[in-house]
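These notes are about the structure you will find just below.
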Amino acid sequence: MALAMKVISQVAQQRKTLEEAVTTALELAAGKSDGAEVSVSKTTGIGVSTRYGEVENVEFNSDGALGITVYHQNRKGSASSTDLSPDAIARTVQAALDIARYTSRTRLPA
Numbered sequence: 000m001a002l003a004m005k006v007i008s009q010v011a012q013q014r015k016t017l018e019e020a021v022t023t024a025l026e027l028a029a030g031k032s033d034g035a036e037v038s039v040s041k042t043t044g045i046g047v048s049t050r051y052g053e054v055e056n057v058e059f060n061s062d063g064a065l066g067i068t069v070y071h072q073n074r075k076g077s078a079s080s081t082d083l084s085p086d087a088i089a090r091t092v093q094a095a096l097d098i099a100r101y102t103s104r105t106r107l108p109a
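Per numbering that gives the first Met the number 0, the sequence shown runs over residues 0 to 109.
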């Protein structure tokens, strides 16, 4: 039971971290774009391989990523990062804004 509570606590902490990353990205993009979309993911797992009935490898993994698409003056820019630190999120948002500056304008339907 203690292990289950520890896992639940870790999941809650990860959720908070991911929500903060999304909020940070949206706040950074808000004043510099007409709109933004953010997606974030976190995957944690374990892999076990066997050979001739014996455990050969045990691998643990933990991956995370944040992607942002910004819209500015009918232009779109997207960028992503696997680093979810505030500085990396700021650089990712800026990269998306820079890309949007140099893309072609999207023609809106009449």
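From the three backbone atoms N, C-alpha and C, an ideal C-beta is built for every residue, glycine too.
Euclidean distance between Cα positions of K31 and Q9: 34 Å
Within 8 Å, do at least three Cβ pairs link the stretch 26-44 to the stretch 62-76? yes
If you draw a straight line from the alpha carbon of L65 to that of G44, how long is it in whole angstroms? 19 Å
Nearest to S40 (by Cα), restricted to the options V47, R14 and L27: R14
Chain-order list of residues whose beta-carbon lies under 7 Å from that of V25 (same chain, five-residue window excluded): The sequence given here places Leu at residue 25; Val does not occur at that position. A35 and V37.
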